[in-house]
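Chemist: Positions 292 to 880 (my numbering) are the ones given, in order, by the first sequence.
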Amino acid sequence: MYKTKTCGELTAQDVAQVVKLAGWVHRRRDHGGLIFIDLRDRFGLTQVVFNPQTAPEAHAVGSQVRNEYVLEVEGTVEKRPAGQENPALKTGEIEVYASGAKILNTAKVPPFVINKNDDVDETLRLTYRYLDLRRERMQKNMMLRHRVVKFMRDWLDERGFIEIETPILTKSTPEGARDYLVPSRMSPGEFYALPQSPQQFKQLLMIAGYERYFQIARCMRDEDLRADRQPEFTQLDLEMAFVEQEDILNLVEELFIALVKRLAPDRKMKTPWPRFTYDEVMAKYGSDKPDLRFGMELTDVSDIAAASGFSVFKNAVQAGGQVKGICVPSCAEYTRRELDELIEMARSKGAKGAVTMALRADGIHSPAGKFMTAEEQGAYVERLGGQTGDLLVFVADARKIVSEALGFLRRELGARLKLADKNALAFAWVVDFPMFEWNQEEERWDAAHHPFTSPKPEDIHLLDTDPGAVRANSYDMVCNGYELASGSIRIHDRELQAKIFSLLKIDAERQQIRFGHMLEAFEFGAPPHGGMAPGIDRFVAILSGEDNIRDVIAFPKNQQAQDLMMHAPSDVDQDQLDLLHLQIVHPSA
RNA sequence: GGAGGUGUGGUGUAGCCGGUUAACACGCGGCCCUGUCAAGGCCGAGAUCGCGGGUUCGAGCCCCGUCACUUCCGCCA
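Laid out in structure tokens, this is it:
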């Protein structure tokens, strides 16, 4: 046995015990005579003292070691001399007087410092991920992630849920995200796909009568990466039979409130969580995942603008569009260059421009000022609640463009001005999403959530006449500007499902090929069911204060979807390709 | 596919309006040191400034190209 105690557990109560510890040399302080070594294992730090007088052999070992050497130490737990305690350490009351020590392994000088949480180049961290994972920051994140997942499992187990694994090798469904494909050796020319989510399996489990299912499920999507998107990520996938939207929302809200209270009791959280319809959040925040930690809401001024002398405003309203504004606190002194940048941001979202009004001490400064009466300008200021020192930004355009442009500005400026309270967890529900989105390229309707989502019963009559107006029984959980989960009540009726597929321009033959198993399953007593899938990586990132989910994933990919440590992806031997009946066609240069 | 940012010893950064020997902290090596805990003191090694080209008497700095990383847009049923 290498150790009888961990480096995190010894206290004054253990004084006089003879113990064995093993771990890594976190830091060494060599006084010429005495040597102090902070020995680290996953459980903590313990100070080990090497005394040349009382234990010359151990001391000789102590003087050889360097940072990150693997060391085994035998010694006696001693109370530290009065005044020498270290209150920053759990084990700070004691130290271990080494009687013997053995170097279990040496270590090269690491490419970055392990014993400090200094910023290190991301590429280097990912290349030496096993060293990065030794650092306190990552150990904390991994521990938190473990606790979050453990809490979810226990909580759901107590409520009658069972965890069931679903296949990783499954079937491609070209609708939706790009699939990761796995060639089949036994069926030449055919492929498995890695699951984008266990969607169909969990629905089939409901048909199979399991009623309450969950899984900590890995999902894979071959799309470009973002700070909150990795090619493989983890969801708490759950599904229930005999439920309505309200049941799912209440269950998940209860779970997350309990979880936050247990694991992050200091975080500010308003309960119960506010609920918005999709139309409401788009109108108020210009986003379907608004950061509710700050205001700066989109305010409609179309009625004032309708009578404006400023033709851009007036014409936008007359054309059936909108004029809306946001009040940006303390930005009245923005320079021309900074204002141009804001206008450019609005343009990038499709707006023709943006009109600014700076509320300075000497009056209102606006490029459109000369086209407006003082009364009109005053009306805008009053409507937006502008104070001297604030900057008002208006966009006049079609409803959707106004919403997206101002929503983007709100998000950008909120981040830039640090308006969000870092300690807050602003959860909310967004419900009543539209059922379909128009796909311009393909000239067809796409499912906004996925094709198994049920329409609101009261909107079913619109399916044939006005699909764009149909609302879905789908819902998102948002927090601090992230989409943390989405879910829906599913279709369990064969005919309705077939009708939705048809609306999505999947003809009867392809329905049979792609989804025949689902349609048939619905004919064998499919219960009403629904569920949702909170993203574990995003949630843990928010909880740990990380702004990139890489920092809560042990072995993530870089933005090129490469694993810099393993060097994946990589080429493979020709005989492997031959077995899989594959030929490589390199892209032409 | 597109836009922005970054790239200077092992790590993190500074480097003025283009000017002579590229600075600082940490780390690393050596020596000294018996109560430190970010130990301390002294000494030392370590950089073709991502790469290629251009402008210039002179480029870490300006220009062009390129590569890598990163953030965002597109994309993510």
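All C-beta atoms, glycine included, are put in the ideal place defined by N, C-alpha and C.
1. Write down the C-beta distance between ILE498 and ILE827 rounded to the nearest angstrom, noting that I regard them as a contact closer than 8 Å.
2. What does the alpha-carbon distance come out to for the pair VAL863 and LEU422?
3. Please determine if the stretch 392-409 and the stretch 352-369 are in contact, where contact requires at least 3 C-beta pairs separated by less than 8 Å.
4. Rounding to the nearest angstrom, what Cα-Cα distance links TYR388 and LEU312 in this structure?
5. Would you kindly work out how many angstroms separate the C-alpha atoms of GLY600 and VAL646, rounded to a whole number?
6. If we call anything under 8 Å between Cβ atoms a contact, is PHE567 one with ALA379?
7. DSSP state of GLY654, grouped into three classes?
8. Specify whether the stretch 858-875 and the stretch 443-455 touch according to this definition: at least 3 beta carbon pairs, one from each stretch, less than 8 Å apart.
9. Leaving out the 5 sequence neighbours to the left and right, which residues in its chain are closer than 6 Å to GLU544 when beta-carbon positions are compared?
10. From the DSSP output, in three-state form, read off THR461 for me.
11. Would you mind reading off the limits of the beta strand (DSSP E) that contains ILE617?
12. In whole angstroms, what is the alpha-carbon distance linking HIS350 and ASN342?
13. Using the C-alpha atoms, what's the distance from MET809 back to LEU495?
14. Enumerate in chain order the residues of its own chain whose CB-to-CB distance from LEU700 is below 7 Å, with the five nearest sequence positions on each side excluded.
15. Examine the Cβ distances between the stretch 366-378 and the stretch 294-307 and report whether three or more of them are shorter than 8 Å.
16. Classify GLN865 as buried or exposed, calling it buried when 16 or more other Cβ atoms lie within 10 Å of its own Cβ.
17. LEU533: buried (16+ other C-beta within 10 angstroms of its C-beta) or exposed?
18. Could you check if THR562 is buried or exposed, using at least 16 other CB atoms within 10 Å of its CB as the buried criterion?
19. Output yes or no for whether 8 Å exceeds the beta carbon distance between VAL722 and LEU682.
20. List the residues that DSSP assigns as beta-bridge partners of PHE327.
21. Taking the alpha-carbon positions, what's the LEU325 to GLN853 distance?
22. Closest to VAL352 by C-alpha separation, out of GLU523, ILE328 and GLY669, would be which residue?
23. Can you tell me which of LYS848, PHE492, ILE405 and GLY480 puts its alpha carbon nearest to the alpha carbon of ILE459?
24. Using alpha carbons as the reference points, say which of PRO878, LEU775 and ARG785 lies closest to ASP519.
25. Would the stretch 829-845 and the stretch 747-765 be scored as touching if the rule is three or more Cβ pairs under 8 Å?
26. From the DSSP secondary-structure annotation, give me the bridge partner or partners of SER777.
27. Kindly provide the ranges of any beta strand (DSSP E) runs that are 3 or more residues long and lie completely inside the stretch 476-514, ordered along the chain.
28. What residue range is occupied by the uninterrupted alpha helix (DSSP H) comprising MET663?
29. Grab the span of the beta strand (DSSP E) containing THR568 for me, first residue to last.
30. Since I believe GLN536 is in contact with ILE782 (beta carbons under 8 Å), could you give me their beta-carbon distance rounded to a whole number of angstroms?
31. Okay, do the stretch 736-753 and the stretch 668-676 touch, 3+ Cβ pairs below 8 Å being the bar?
32. By a C-beta neighbour count over all protein chains shown, 10 Å radius and 16 as the cutoff for buried, is GLU734 buried or exposed?
33. Rounded C-beta distance between ALA610 and ALA696? I'm assuming under 8 Å.
34. With distances taken between CB atoms, is the gap from LEU554 to PHE442 smaller than 8 Å?
35. Have a look at the DSSP bridge pairing and note the partners of VAL882.
36. Take GLU376 and list the residues in its own chain whose beta-carbon comes closer than 8 Å to its own, dropping the five residues that flank it on each side.
Modeler: So, from the listed chains and residues:
1. Rounded, the Cβ-Cβ distance is 26 Å, inconsistent with contact.
2. Taken atom to atom, the span from the alpha-carbon of VAL863 to that of LEU422 is near 28 Å.
3. yes
4. 11 Å
5. 14 Å
6. no
7. strand
8. A contact between stretches requires three or more CB pairs, one per stretch, nearer than 8 Å, and the stretch 858-875 fails this requirement with the stretch 443-455.
9. Around GLU544: TRP564.
10. strand
11. 613-619
12. 6 Å
13. 8 Å
14. Excluding residues up to 5 positions away in sequence, ILE617, LEU633, MET636, ALA637 and VAL684 lie with their Cβ nearer than 7 Å to the Cβ of LEU700 in the same chain.
15. yes
16. exposed
17. Correcting the residue type first, residue 533 is Phe in the shown sequence and not Leu. Classification of PHE533: exposed, given that the 10 Å Cβ count is below 16.
18. exposed
19. No; because the gap between Cβ atoms is not below 8 Å, this pair is not in contact.
20. Answer by DSSP bridge pairing, in chain order: ARG320 and VAL340.
21. 47 Å
22. With distances taken between Cα atoms, VAL352 lies closest to ILE328.
23. PHE492
24. If we check each option's Cα against that of ASP519, LEU775 comes out closest.
25. no
26. ASP767 and ALA824
27. 482-484 and 503-511
28. Note, MET663: premise wrong, no alpha helix (DSSP H); not H, not E.
29. 566-568
30. Wrong, their Cβ atoms sit about 14 Å apart, outside the cutoff.
31. no
32. exposed
33. The Cβ separation is near 16 Å, so there is no contact.
34. Cβ distance < 8 Å, so LEU554 and PHE442 count as in contact.
35. The question about residue 882 has no answer, for the chain in this structure spans 292 to 880.
36. GLY383 and GLU384
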